[in-house]
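Residue numbers (the numbering used here): 133 to 292. Ideal Cβ placement from N, Cα and C applies to all residues, glycine included.
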């Protein structure tokens, strides 16, 4: 029990599993380079697990990517595939994909991981799916990714 008589409720993170033959959230969504990324949201019914609550100790990456304009559709497919694979990692907390409204081939990935430090994250992320994605990026991006590593300081939740 916490101070004030409130109970702590633990949320256990379990990876989502799709039924065999079911369309995954990364397939079946057709995007063109002129479509905003918001149209690429996974369908609500694909959310099968309770998300892990963010923590003040999470490792946060804010990664800016400039995709070649003629490769946006292919990159969106690749990034959806890697995010779907990341969701199965025990230390994955969340990921947001955002598109610049002024420059539709500029994107930002905001990733949260329950890792103690960058070295541990790198050690745990040398998975085949990541290596495939990293190799593919060279022909999809105009310039190298611009990652920032962030430390959470404060959070203000919405009213809803």
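In this chain, residue 249 is not harboured by any beta strand (DSSP E), its DSSP state being neither H nor E. Where residue 266 is concerned, there is no enclosing beta strand (DSSP E), although the alpha helix (DSSP H) around it starts and stops at 260-272. When the Cα atoms are used, residue 274 and residue 198 turn out to be separated by approximately 6 Å. Rounded to the nearest angstrom, the gap between the Cα atoms of residue 248 and residue 208 is 29 Å. Contact check for residue 279 against residue 193 passes: the beta carbons are separated by less than 7 Å.
Between the alpha carbons of residue 257 and residue 201 lies a gap of roughly 28 Å. In the DSSP assignment, residue 204 falls within the alpha helix (DSSP H) that extends over 204-218. Looking at 216, 281 and 237, the one whose alpha-carbon comes closest to that of residue 251 is 281. In this structure, residue 190 places its C-beta atom within 7 Å of the C-beta atom of residue 246.
Ranked by how close their Cα comes to the Cα of residue 185, the residues 265, 262, 236 and 244 have 244 in first place. About 11 Å separates the CB atoms of residue 215 and residue 262; that is not less than 8 Å, and the two are not in contact. Your pair residue 277 and residue 195 checks out as a contact, with CB atoms roughly 5 Å apart and the cut at 8 Å.
Taking the CA atoms as reference points, residue 267 sits about 24 Å from residue 235. Per DSSP, reduced to three states, the secondary structure at residue 201 is helical. Distance check between residue 283 and each of 271, 254, 242 and 260 places 242 closest, using alpha-carbon atoms only.
Within 10 angstroms of the beta-carbon of residue 231 lie 16 or more other beta-carbons, which makes it buried.
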